[in-house]
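Protein chains in written order, with UniProt numbering: chain A, 1 to 285; chain B, 1 to 255; chain C, 1 to 63. Shown next, in structure tokens, is the structure this report addresses.
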């Protein structure tokens with residue numbers, strides 16, 4: 001699937017601005033950005049629910065499976081009935097729909113509640129049913145809007161392992177606002193901010209670009225750290241100063257430099273940016 | 001389309017709509033023959049009539065009672081039908097249940113027609129149940145009417161209901177539930193009231209189709225076929241508009 | 001006519017009763033209603049015919 005120069009405008013407000021990317025077969029892509037960055041709008045355009053104001057989507061007529069952030073089901077339908085209907089509406093025969101529905105529901109672990117009404121499902125179970133209805137017709141592309149953000153840590157772990165299994169046979173694009181989710185399963189990351197794509201690449205390449213390795217030197221006294229930071233123009237957080245590794249590539253270099261100061265030091269360590277920090281850094285570009 | 005129709009049918013069953021709406025029509029159908037029959041007793045119990053007061057009740061023909069029942073269906077029955085029809089498409093968009101349907105290769109025609117056909121069948125059941133009950137009581141208490149006239153009466157009433165539901169579903173496709181319901185209630189239950197008050201000035205009015213249909217019981221109206229054509233033409237037009245509106249508003253489904 | 005013919009009146013009462021029972025069963029089985037369930041139970045029992053109808057139109061929650 002290829003999206004080229006996607007743009008969506010509601011009135012004068014530009015929600016998505018000239019976004020282009022390619023989803024390679026059997027890869028997982030994470031669409032990352034703060035709330036309101038336009039993630040849901042992009043997914044809606046890919047599903048065909050929204051028409052782009054400009055730009056094109058090429059998907060060679062393959063079937064798509066879609067899981068909205070808050071999937072809503074008819075409360076009076078049972079789990080099996082709904083999944084079967086979803087399969088039928090995607091063009092499967094009655095017989096096929098039945099066997100695929102059973103298959104999809106046991107894949108997501110709902111085989112115990114086939115005849116339960118959807119209204120009686122818990123949040124985590126609804127999310128699983130959401131996955132089941134999205135994969136029941138075996139789509140080539142799976143689009144997921146914030147698949148884990150509404151779940152508790154256990155549900156989140158279950159969902160990620162389901163998605164990892166699906167990744168082997170399906171092309172996946174999912175949105176999230178938490179980079180740690182993306183770390184678990186991703187071949188490509190798209191960073192979205194105010195509707196525009198501000199950075200994209202594989203996780204290692206992004207990490208290499210933004211991890212910014214430094215030495216963290218912690219002094220005994222706040223005053224010493226303060227003085228050191230003003231004298232050498234380095235970042236200061238409480239009693240710790242951050243010395244870029246570009247200026248002192250090894251510990252020896254750093255130690256010989258530090259020996260010029262006599263203020264007592266308690267700790268020296270190497271410091272790389274966490275994913276959260278990388279996220280903040282990319283977003284502040 | 002058969003898949004969506006099956007879904008509509010299941011919803012009707014599980015929400016008991018297929019039972020309670022016909023029951024309501026039966027109640028409405030029974031009430032007029034029965035209250036008129038016992039009118040004297042009711043007046044005697046409720047009103048404090050002076051001794052020796054006697055009132056001659058007008059002699060009612062069977063057709064009068066069927067037409068009275070028709071009046072009941074046109075007020076309460078129509079109001080209830082409009083109220084449940086006005087939310088059929090808009091509610092699914094507003095609560096997001098439509099999203100999982102709309103992302104699949106489902107045509108606007110199937111979405112709209114599944115709703116229309118489901119409601120058409122339900123209103124057919126209501127028409128038969130309501131007039132059937134009215135006829136049964138009228139027959140027991142007052143006497144019968146010609147079978148052909150009775151069947152035609154039901155047919156034309158159903159035709160009118162078909163126009164009402166097609167229009168209301170189209171409103172539901174065009175707007176939100178609250179707007180669709182308001183417009184439909186003003187147009188139909190209130191419109192029919194207005195037509196009966198000031199409608200003496202025109203003959204060809206969709207609102208009068210049911211009454212003209214009832215005219216088979218007595219003397220056939222000259223305006224029946226003209227009015228009937230207007231109703232059929234409007235129903236077709238409004239259905240096409242509804243199918244288009246269903247597609248036009250697809251993107252407003254809550255995600 | 002001094003005696004009511006009960007065979008004529010009975011269906012009326014039966015239908016009203018069926019509507020009420022059906023509404024009560026539905027309120028008990030449904031996952032949630034628009035507004036508190038006990039209010040609807042009261043409405044359905046107290047307001048004859050109209051109560052159950054109003055419940056079926058506006059009381060049932062659809063999500």
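Quick reminder that beta carbons are idealized off the backbone N, C-alpha and C, glycines included. Bear in mind that the values here come from a model prediction, so they are computed numbers and not experimental data.
Residue i - containing alpha helix (DSSP H), residue span
i                      : result
residue 125 of chain B : 108 to 141
residue 271 of chain A : Looking at the DSSP string, residue 271 of chain A is not in any alpha helix (DSSP H); the run it does join, the beta strand (DSSP E), is 265 to 271.
residue 291 of chain A : Chain A is shown only over 1 to 285; residue 291 of chain A falls outside these bounds and no answer can be derived.
residue 21 of chain A  : Segment 13 to 22 is the beta strand (DSSP E) holding residue 21 of chain A; no alpha helix (DSSP H) there.
residue 37 of chain A  : No alpha helix (DSSP H) holds residue 37 of chain A; DSSP gives it neither H nor E.
residue 112 of chain A : Counting along the chain, residue 112 of chain A falls outside any alpha helix (DSSP H), and DSSP gives it neither H nor E.
residue 211 of chain A : No alpha helix (DSSP H) holds residue 211 of chain A; DSSP gives it neither H nor E.
residue 89 of chain B  : No alpha helix (DSSP H) contains residue 89 of chain B, which DSSP labels as neither H nor E.
residue 213 of chain B : 209 to 214
residue 25 of chain A  : Neither: residue 25 of chain A is in no alpha helix (DSSP H) and is coded neither H nor E.
residue 91 of chain A  : No alpha helix (DSSP H) contains residue 91 of chain A, which DSSP labels as neither H nor E.
residue 54 of chain C  : 50 to 54
Reduced DSSP category for residue i - H, G, I as helix; E, B as strand; rest coil
i                      : result
residue 240 of chain B : helix
residue 174 of chain A : strand
residue 2 of chain C   : Low confidence applies to residue 2 of chain C: its pLDDT is 48, below 50, so where it sits in the model is not reliable enough to give any reading.
residue 255 of chain B : coil
residue 218 of chain A : strand
residue 36 of chain C  : coil
residue 72 of chain A  : coil
residue 78 of chain A  : strand
residue 117 of chain A : strand
residue 279 of chain A : helix
residue 61 of chain B  : coil
residue 64 of chain A  : strand
residue 15 of chain B  : coil
residue 60 of chain C  : strand
residue 250 of chain B : helix
residue 97 of chain B  : coil
residue 291 of chain A : This structure cannot settle anything about residue 291 of chain A, because the visible part of chain A is limited to 1 through 285.
residue 48 of chain A  : coil
residue 191 of chain B : helix
residue 221 of chain B : coil
residue 76 of chain B  : helix
residue 27 of chain B  : helix
residue 286 of chain A : The first residue shown for chain A is 1 and the last is 285, placing residue 286 of chain A beyond what the model contains.
residue 204 of chain B : coil
residue 146 of chain B : coil
residue 139 of chain A : coil
residue 105 of chain B : coil
residue 43 of chain C  : helix
residue 9 of chain C   : helix
Extent of the continuous beta strand (DSSP E) to which residue i belongs
i                      : result
residue 193 of chain A : 188 to 193
residue 58 of chain A  : 54 to 58
residue 286 of chain A : With chain A represented from 1 up to 285, any question about residue 286 of chain A goes unanswered, as that position is not in the structure.
residue 29 of chain A  : 28 to 32
residue 200 of chain A : 196 to 201
Minimum C-alpha distance to residue i - residue among the options
i                      : options                    : result
residue 241 of chain B : B:32, B:106, B:166         : B:166
residue 174 of chain A : A:149, A:196, A:158        : A:149
residue 112 of chain B : B:88, B:37, B:97, B:99     : B:88
residue 58 of chain B  : B:40, B:79, B:99, B:69     : B:40
residue 97 of chain A  : A:192, A:135, A:68, A:60   : A:135
residue 139 of chain A : A:21, A:65, A:82, A:71     : A:65
residue 16 of chain A  : A:74, A:99, A:37, A:209    : A:37
residue 12 of chain B  : B:149, B:115, B:36         : B:115
residue 22 of chain C  : B:16, B:26, B:21           : B:16
residue 227 of chain B : B:194, B:255, B:181, B:163 : B:163
residue 202 of chain B : B:76, B:84, B:223, B:154   : B:223
residue 118 of chain B : B:2, B:235, B:75           : B:2
residue 134 of chain B : B:34, B:191, B:5, B:171    : B:34
residue 61 of chain A  : A:53, A:52, A:68, A:47     : A:47
residue 145 of chain B : B:155, B:254, B:217, B:25  : B:217
residue 288 of chain A : A:11, A:39, A:279, A:20    : In the structure displayed, chain A extends from 1 to 285; residue 288 of chain A sits before or after that span and is not available.
residue 258 of chain B : B:121, B:109, B:107        : This structure gives no information on residue 258 of chain B, because the portion of chain B shown stretches from 1 to 255.
Proximal residues of chain F, C-beta to C-beta of residue i below 8 Å
i                     : result
residue 72 of chain A : Reference to chain F is not applicable here, since the protein chains of this structure are A, B and C.
Bridge partners - residue i, DSSP secondary structure assignment
i                      : result
residue 145 of chain A : A:175
(message) So within the region 148 to 178 of chain B, which uninterrupted alpha helix (DSSP H) runs reach at least 4 residues, ignoring any that extend past its ends?
(response) Listed in chain order, there is nothing to give.
(request) Write down every uninterrupted run of the beta strand (DSSP E) in the region 228 to 268 of chain A whose length is 3 residues or greater and which is fully enclosed by it, in chain order. (result) 235 to 237, 240 to 244
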